[in-house]
Amino acid sequence: MSTIKVVESHQKSVAEVKSGLSQFEEMFKKYGVKLAWNGARASLSGPISGSIVIDSVNIAVEIKMGMLAKMAGIDSSKLENSIRKRLKVALNE
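The sequence shown begins at 0 in numbering that gives the first Met the number 0 and counts up one residue at a time.
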C-alpha cells in the first residue's frame, strides 16, 4: 500500500481554506472518494482512504492507496501531482 502526503502552507483562515476546496472535492468524487467533514478535518473513504487536515498555517492531505485504488486505475504519482496543483489553485483564490 502506498501513501501520498502533501502539505501546503496558507495565509487564510481555516474557514476560508475549507470553503475554497470545492473543486478539490469534485476531483475526489470523480474517483468515487467520499469526504466526511468534522470541523477542520475530513476523512476520505472509497478506493482510497486518508484525511485532510486544515490548521492555521497548513493544509495536509494524506492518502493511503490500497488494492481498490489500483483496480480503479488510480495512478499514485498522477494523483499526487493533481492534488498539489489543485491545492495551490484553491489556496490562491
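Cβ atoms here follow ideal geometry from the backbone N, Cα and C, with glycine treated the same way. Predicted model only: the values in this text are computed from it and were never measured.
Between the region 26-33 and the region 44-52, the count of Cβ pairs shorter than 8 Å is three or higher; the stretches touch. A Cβ-Cβ separation of about 13 Å leaves Ile73 out of contact with Thr2 under the 8 Å criterion.
Take the alpha-carbon of Asn37 and the one of Ser50: they are about 11 Å apart. Leaving aside the five residues that flank Ala41 on each side, the residues in its chain whose CB is nearer than 6 Å to its CB run, in chain order, Leu34, Ile51.
Contact between Ile82 and Val5 holds: CB atoms are separated by about 5 Å, below the 8 Å threshold. Nearest neighbour of Gly65 by Cα position, chosen from Ile58, Leu90, Ser75, turns out to be Ser75. Proximity to Met26 across Ser18, Leu78, Lys87 peaks at Leu78, based on C-alpha coordinates.
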